[in-house]
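What follows is a set of notes on a single structure, which appears directly below.
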Amino acid sequence: MMVQIQDPKYPWEIVHMDWITALPPGGDRSYNACLVLVDRYSKPAMLLPCHKDYTAMDTAIMIWDKVIGPKGLFQNITSDRD
27 MMVQIQDPKY PWEIVHMDWI TALPPGGDRS YNACLVLVDR YSKPAMLLPC
77 HKDYTAMDTA IMIWDKVIGP KGLFQNITSD RD
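Structure below.
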C-alpha cells in the first residue's frame, strides 16, 4: 500500500531502512549483510554491519544501541521489506 510520507522538520525524525544482503562474509564477526538507515531530513546514510539472518528483535536491539542512543527516538521508520 502506498502512503505519502510527511516531510521531516528535524534530523532523524523520519528514517528509511533497507537491507543489503548476500555480501561476502567480512570483519571479525563475519558479517554478511548491512542495514542502511537514511535520514529523510538531511539524507546522510548510516550503515550497520549485521547478519542476514537477524531477527526483528536483533534488528531492534542493534538500532536501539547504535542509532537511537546517540541520535534520539524516531517519529517514523519506513521500509519496503515484508
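Those letters in the sequence shown? Residues 27 to 108, per my numbering, in order. Just so you know, even glycine gets a beta-carbon here, dropped at the ideal spot from N, CA and C.
Extent of the continuous beta strand (DSSP E) run through residue 71: Counting from one through the sequence shown, the residue named residue 71 turns up at place 45. Where residue 71 is concerned, the enclosing beta strand (DSSP E) stretches over 71-76.
Is there a Cβ of chain D sitting closer than 9 Å to that of residue 29, yes or no? Going by chain labels, chain D is absent from the structure shown, which holds only one protein chain.
In angstroms with no decimal places, state the Cα-to-Cα distance between residue 106 and residue 32. Along the sequence shown, read from residue 1 onward, the residue named residue 106 stands at position 80. Along the sequence shown, read from residue 1 onward, the residue named residue 32 stands at position 6. Straight-line Cα distance between these residues: approximately 17 Å.
For residue 38, count the other beta carbons within 10 Å of its own beta carbon; 16 or more makes it buried, fewer makes it exposed. Which is it? One-based indexing of the sequence shown puts residue 38 at position 12. Buried: at least 16 other Cβ atoms inside 10 Å.
Residue 79 in three-state terms, based on DSSP: Stepping through the sequence shown from its first residue, residue 79 is reached at position 53. Residue 79 falls in the coil class under three-state DSSP.
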